[in-house]
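Let me begin by presenting the structure, written as structure tokens, before commenting on it.
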Amino acid sequence: MKKPKIRELREAVRSLFSKPYTTRFPMEEIIVPEGFRGKPQFYEEGCVGCTACAQVCPSKAIEVEENLDPANPTRRLTHIPAYCINCQECERNCITGQGIKLTKQFDVSYFSENEVNHSIEHQIILCSHCGGIVGAKKHILWVMKRLGSLSFSQADYIEHIQKSLDIPAIIPVKHEKHEKIERDEIFNITCPKCRRAVYIEDEKIHF
Amino acid sequence: MNIKTRALKKSLWVYHLSTGSCNNCDIEILDCLSPRFDIERFGMVLVGSPKHADVLLITGIVTKKNLERVKEVYHETPKPCFVVAVGTCACSGNMFRSGYNMAGPLKNVIPVDVFIPGCPPGPAAIISAVVKLLNKLK
Amino acid sequence: MKKIIVPLGPDHPLFEEPEFFILHCDGENVVDVEWQAGYNHRGIEKISETKHWDQVTFLVERICGICSNSHPVAYANAVENLLGIDIPERAKYIRTIISEMERLHSHLLWAGLAGHFLGYNTVFMWVWKYREPLLDMMEMLTGNRNNYSMIKIGGVRRDINDEQIKALRKTLDTLKTQNEMLTKVVLDDPVLQARLVNVGVLTKKDIKDYGAVGPVARASGVDIDVRRDNPYAAYSFIDWKVITRENGDVFDKAVVRLLECFESIKIIQQCLDRIENKKGEILNEVKEIPPGEGIGRHEALRGEVFHYVRSDGTSSPIRHKIRAPSYVNVPTFKKSCIGQTISDVAIILAGVDPCYCCTERVSVYDANTRKKKNVTWTEIVRKSQEKTKKLKKS
Amino acid sequence: MKLNVLLKENLGNMVKKFEEPADKRIYITIDRNNLLKCAEIIFKNLDARYVIASGIHNENNFEMLYHFSFDKDGVIVSLRVYLDKEKPEVESLVSLIPGIEYIERETWEFFGIKFLNNPNLKHFLLPEDWPEGDYPVRKK
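Protein chains in written order, with our numbering: chain A, 2 to 208; chain B, 43 to 180; chain C, 1126 to 1519; chain D, 241 to 380.
Have a look at this one:
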């Protein structure tokens, strides 16, 4: 009976002379280590609005809202901490690697849901024929940059390339809408579905 | 702030209820009591019955079998009391919200005062949320 | 005979299924046990069929908070078994390190809670203090104290760098001395011996009948361990041994768990030796998953985790069966609780190591008068603690 | 003797199909009338450990898989039984393996597979008032 008591006593005495183990937390800040998975945050410079993060999120914590008003079409990505499990998948799968990153913020508590939701807005480009979504403007430009010289083969990009090269538009891009899809529609910005229809329609005329 | 709430916030007694969680949030709540974070220094104690509690810490999605029990526990707690939803499951249902056995989330069942998302929220996050709640009442 | 029915629970969270035990008592003695579950049932097997193969790792991670590395490892093993692929060597070591660290923190957590149930709050405070640096290490390696999200089909998601290895070594060294002290304290304390020896005995036959696994089986002398029997990750490259004991009582279960901590430390140290100052691939990218079926196993903290997946070539599993170790360990209550007193039930329950939380509501029904009296789980624990006090005095 | 030879010898002509898709994984398809006999040979005579059973809902039928583990060889042997689509019924193994009771109850409430001679076939995971005939894990 005596032996274990002495051993435990030694541990007790050692604790008595060492400094308190308890943190002084809320009075003192806690330093989280490098690589801590906190609340994700969108970054304006990096995000191109491709919605890859929303697609890979296992708990669907990123909401995509699209406003198809032709005057000002926008796409809004909203991160909802109430659903977020801080798994870092959004950061890993971000196509630019800079668009969404996990911060070190560990305390995300809130009283009503809207106060912590964090969103980013992007301009989107609509198909000139059917009004469907082609993609976010920044995303299309990013793809164009990645494609390099290959992007000349895509009519969608021609206008932008001309602009970036500071040359006046050689091919005037039409924005009028036809009843039926026609050959000259390829020079307009069209969604993949309409583009395909243009080519098939075109072939039908000739053969 | 009325006199009841003023008296309430002096030393909070906490009751912890799991309504279908993965146990992580529960362990982190228990971790608040361990020597590292030791919430007893604020006068907080974990009690064994909702009848003694001022704060309900609720974790987990509310499963169908648990639905009645959550209501019962809330009913038994003396008012005014605070309800704290700990963890993403309690806040919204997490990945299980499409499941067939979910009756929640918690905010649809009982009124919730403060939400602590995180999977799981660490003891530090839980403590700072409670501090936030107390500051708001001032 | 006046039989009293004591419902234990239902708020008693196990991994998937927190249970509701109905103890039929004759006076102090338990004569029969019934088990009801489903309070924690979230339908994970069904939800898994709606998620992408890669997203399922995050879903299975949330089956149990303490086994949050075990289920993804077993699931990844199952899918890799289906695919018939091997993972890079470095990924194997990292998987092993995380699994063993999880085992360490869980066994310590168990020791603390068992101490709390017996009225040894000193043990609880000590152990949880020792466990804290481990969680800090986890936070550093994986980015969170729990729910590590490290495992990906075909490898791991994060690498470990040399700085982290150095810090980890230091933590393990301190933990080893602390654990040595703790083991000695627990093993030769006469009061603990009186409380634990010959309590909740499980024979080899009981183990076979119920298919119990992990430390529960090993304490009864059944020498099974998936890490050795069907090696995965890096366990076959490393020198370690399986701890077994013969008696099958709660004391032996405690001994097995405490000694396993040393083995875990040994395994992690060897893994660190192999990956230090080296670089390598950590992921063997999987592009598509063909039709077929696969079985994956992992020796989790509480025993064997079993995952069965079936694919039809699409982007999500068409059937995913999960068996957590408590699913087979818990029914052994039927054998171990009967004939014991109510005050021992708490520690027998703890002996199997279901994930229990500290506050639970228990209602006592008198079967004859149907009079309901609400008591708390704490009261059962208090009963247990009183018994220890009595023993201490005598 | 190697396990696959041993199994084939012991089960004899009850084996309908013998598959080894991967190392240390064996799937044996048997007729559902032979289930109790085969399980007894594997569990009792060959001293395997019961792991779990899992039900599967296929397009044309139901399927029950009984997984057993041979720990010395590290092999998992799964007995596969196909059940009728309209009236899925199979013999219960409770008399042989007491621990299988819970998974049989679970499979019954998830898939509606009836286990004959299981004395305790009532709700286990789902609430008592779960609508009858609604089996959540069945494919819609």
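The beta-carbon is built from N, C-alpha and C at its ideal position, and this holds for glycine as well.
Buried versus exposed, by CB contacts within 10 Å (16 or more), Ser1193/C: Counting from 1 along the third sequence, the entry for residue 1193/C is found at position 68. Ser1193/C should be labelled buried.
Step through the CB atoms of chain B and report whether any lies within less than 8 Å of the CB of Tyr1490/C. The residue given as residue 1490/C occupies position 365 in the third sequence. Low confidence applies here, because Tyr1490/C scores a pLDDT of 33, under 50, leaving its location unreliable and the question unanswered by this model.
Please identify the residue among Glu1288/C, Gly1237/C and Leu1384/C whose C-alpha is closest to the C-alpha of Thr1302/C. The residue you call residue 1302/C lines up with position 177 of the third sequence. The residue with the shortest Cα to Cα distance from Thr1302/C is Leu1384/C.
In terms of alpha-carbon separation, which member of Ser16/A, Arg15/A, Gln106/A and Cys85/A lies closest to Ile31/A? For this step, residue 31/A is matched to residue 30 along the first sequence. Taking only the C-alpha atoms, the option nearest Ile31/A is Gln106/A.
Sort Ile1222/C, Val1156/C, Asn1165/C and Asp1211/C by Cα distance to Gln1395/C and report the nearest one. Translated into the one-based positions of the third sequence, residue 1395/C becomes position 270. Checked all of Ile1222/C, Val1156/C, Asn1165/C and Asp1211/C; the closest Cα to Gln1395/C is Ile1222/C.
Span of the beta strand (DSSP E), counted from its first residue to its last, around Pro165/B: Locating residue 165/B in the second sequence gives position 123, where the first residue counts as 1. No beta strand (DSSP E) contains Pro165/B, which is instead part of the alpha helix (DSSP H) from Pro165 to Leu179.
What would DSSP say about Leu275/D, mapped onto helix, strand or coil? In the fourth sequence, counting from the first residue as 1, residue 275/D sits at position 35. Of the three classes helix, strand and coil, the one that applies to Leu275/D here is helix, per DSSP.
Using beta-carbon positions only, say whether Gly1190/C and Cys74/B come within less than 8 Å of one another. Here residue 1190/C refers to the residue found at position 65 when the third sequence is read from its first residue. Here residue 74/B refers to the residue found at position 32 when the second sequence is read from its first residue. Between Gly1190/C and Cys74/B, the gap from beta carbon to beta carbon reaches 8 Å or more.
Buried or exposed for His1423/C, going by 16 or more other Cβ atoms inside 10 Å? Counting from one through the third sequence, the residue named residue 1423/C turns up at place 298. Under this definition His1423/C is a buried residue.
Using Cβ-Cβ distances below 7 Å, what residues of the region 278-304 of chain D are close to chain C? Arg289, Tyr290, Val291, Ile292, Ser294 and Ile296
Of the choices Gly141/B, Gly146/B and Val126/B, whose alpha-carbon is the least far from that of Leu176/B? Position 134 of the second sequence holds residue 176/B. Measuring from the Cα of Leu176/B, the nearest candidate turns out to be Val126/B.
Beta-bridge pairing of Gly1280/C - partner residues as DSSP gives them: Numbered from its first residue, the third sequence carries residue 1280/C at position 155. Beta-bridge partners of Gly1280/C (DSSP): Lys1277/C and Leu1408/C.
Under 8 Å between C-beta atoms, does Gly98/A make it to chain C? Within the first sequence, numbered from 1, the residue matching residue 98/A stands at position 97. No, no contact with chain C.
Helix, strand or coil: how does DSSP classify Lys1330/C here? Counted from its first residue, the third sequence places residue 1330/C at position 205. Three-state result, Lys1330/C: helix.
The region 1306-1324 of chain C in contact with the region 261-279 of chain D per 3-pair CB rule at 8 Å: Contact between the region 1306-1324 of chain C and the region 261-279 of chain D is absent, because fewer than three Cβ pairs lie under 8 Å.
Consider the Cβ of Pro371/D: report whether some Cβ of chain B lies at a distance smaller than 8 Å. Within the fourth sequence, numbered from 1, the residue matching residue 371/D stands at position 131. So no, Pro371/D is outside the interface.
How should Asn1493/C be labelled, buried or exposed, when 16 other C-beta atoms within 10 angstroms of its C-beta is the threshold for buried? Translated into positions along the third sequence, residue 1493/C becomes position 368. With a pLDDT of only 36 at Asn1493/C, under 50, the local geometry of the prediction cannot be trusted, and no value is derived from it.
Amino acids of chain C, ordered along the chain, whose beta-carbon sits closer than 7 Å to that of Val377/D: Taking the fourth sequence and counting its residues from 1, one reaches residue 377/D at position 137. Within 7 Å Cβ-Cβ: Glu1170 and Lys1171.
Own chain partners of Thr75/A with C-beta closer than 8 Å, once the 5 adjacent residues on each side are dropped: The residue you call residue 75/A lines up with position 74 of the first sequence. Closer than 8 Å at the Cβ level, and outside the excluded window around Thr75/A, lie Glu67, Asn68, Glu122, His123, Gln124 and Ile125.
Between the region 1186-1201 of chain C and chain A, which residues of the former have a C-beta closer than 7 Å to a C-beta of the latter? So the list is empty, because no residue satisfies the distance condition.
Helix, strand or coil for Arg1215/C? Go by DSSP, reduced to three states. On the third sequence, position 90 is the one that residue 1215/C refers to. Reduced to three states, the DSSP call for Arg1215/C is helix.
Leaving out five residues before and five after Arg1399/C in sequence, what residues of the same chain have Cβ atoms less than 7 Å from its Cβ? Counting from 1 along the third sequence, the entry for residue 1399/C is found at position 274. Leaving aside the five residues that flank Arg1399/C on each side, the residues in its chain whose CB is nearer than 7 Å to its CB run, in chain order, Tyr1218.
Can you confirm whether the region 1275-1289 of chain C touches the region 1426-1437 of chain C when touching is taken to mean that 3 or more C-beta pairs between the two stretches lie within less than 8 Å? no
In the structure shown, what three-state DSSP assignment does Ser63/B receive? On the second sequence, residue 63/B is found 21 positions in, with the first residue counted as 1. Three-state result, Ser63/B: coil.
Name the chain G residues that come within less than 7 Å of Ile86/A, Cβ to Cβ? The structure shown has no chain G; the protein chains it does contain are A, B, C and D.
Please decide whether Pro159/B counts as near chain C, where near means a Cβ-Cβ distance under 8 Å. By one-based count along the second sequence, residue 159/B stands at place 117. So, not an interface residue.
Taking Cβ positions only, does Cys1482/C come closer than 8 Å to chain B? Position 357 of the third sequence, counting from 1, holds the residue named residue 1482/C. Because the pLDDT of Cys1482/C is 28, which lies under 50, any placement of that residue in the model is unreliable, and the question is left without a value.
If you measure between the beta carbons of Phe1146/C and Phe1458/C, is that distance less than 8 Å? Counting from one through the third sequence, the residue named residue 1146/C turns up at place 21. Counting from one through the third sequence, the residue named residue 1458/C turns up at place 333. Taking 8 Å as the Cβ cut-off, Phe1146/C and Phe1458/C qualify as a contacting pair.
Measure the CB-CB distance between Val195/B and Pro92/B and report whether it falls below 8 Å. In this structure chain B extends from 43 to 180, so residue 195/B is not present and cannot be described.
Does the separation of the CB atoms of Asp313/D and Leu243/D fall below 8 Å? Residue 313/D sits at position 73 when you count from the first residue of the fourth sequence. Residue 243/D sits at position 3 when you count from the first residue of the fourth sequence. A contact, by the Cβ cut-off of 8 Å.
May I have the straight-line CA-CA distance separating Glu1413/C from Ala1203/C, to the nearest angstrom? Reading the third sequence from its first residue, position 288 is the one you call residue 1413/C. Reading the third sequence from its first residue, position 78 is the one you call residue 1203/C. Distance between the alpha carbons of Glu1413/C and Ala1203/C: 15 Å.
Considering only residues of the same chain and omitting the five flanking positions on each side of Ile1172/C, which have a CB-CB separation below 8 Å? Residue 1172/C sits at position 47 when you count from the first residue of the third sequence. Non-local beta-carbon contacts of Ile1172/C in its own chain, meaning distances under 8 Å to residues more than five positions away in sequence, involve Leu1184 in chain order.
Where are the alpha helix (DSSP H) runs, 4 residues long or more, that stay fully inside the region 1433-1472 of chain C, in chain order? 1451-1454 and 1458-1461
Does the region 1448-1458 of chain C come within contact of the region 1221-1241 of chain C, defined as at least 3 CB pairs closer than 8 Å? no
I need the DSSP call for Glu45/A, collapsed to helix, strand or coil. Locating residue 45/A in the first sequence gives position 44, where the first residue counts as 1. The answer is coil: DSSP assigns Glu45/A none of H, G, I, E or B.
Applying a beta-carbon distance threshold of less than 7 Å, which residues of chain C neighbour Arg38/A? Position 37 of the first sequence, counted from the first residue, corresponds to residue 38/A. Correct list: Gly1268 and Asn1269.
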